[in-house]
Structure formats: structure tokens, C-alpha cells
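Presented below is the structure to which this report refers.
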Amino acid sequence: MTLDRAVLVFAGFVVLLGLALGYFVHPAFLLLTAFAGVNMIQASFTGFCPAAMAFRKLGVKPGPAF
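If you're matching positions, the sequence shown starts at 16 in this note's numbering and goes up one per residue.
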């Protein structure tokens, strides 16, 4: 798995987790989904992605985007 795919899988997981927690636990967890969305938008403009940095340190091989 490349770094790009790992970041996309992680972002999708965070979005789904935020939605599930918002529905079943407390609506404030929807802020997690909003944070993930804002982070994806800023990463598309700046190229800075904390998740990509973490996955790179874990040894995931780089992809074309990150």
C-alpha cells in the first residue's frame, strides 16, 4: 500500500468514525468529521498532511501525491 492510499483509507475511516460516534454517542463527535474534511481541503492546497508524515515515519512507501 502506498502512502497516498493509506492516507485516503485513514481519512475515510475518521469520517465514518465521526459519523458513527455522532449518531450513537453524542452529536459533538460530528466535529471530528468536520476536522477531517477541513484537513483534506488544506492538504490539497498546501501539501502538508500530518497523517502522511505519521505514515511515512511508520515506513509506508511513498506515492505520487505525498
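Ideal Cβ positions, reconstructed from N, Cα and C, are used throughout, including at glycine.
query                                                                                                                                                              : result
Who are T48's beta bridge partners in DSSP?                                                                                                                        : Note: T48 sits in no beta bridge, so no partner.
I'd like to know whether the C-beta atoms of L32 and A67 end up nearer to each other than 7 angstroms.                                                             : no
In angstroms, rounded to a whole number, what distance separates the CA positions of G62 and F44?                                                                  : 26 angstroms
Short of 7 angstroms in beta carbon distance, which residues of its chain neighbour V22, apart from the five on each side in sequence? Order them along the chain. : C64, A66, A67, F70 and F81
Less than 6 angstroms between C-beta atoms, sequence neighbours within five positions excluded: which residues of the same chain meet that for G37?                : F44 and L45
What is the rounded straight-line gap between the Cα of A58 and the Cα of G27?                                                                                     : 15 angstroms
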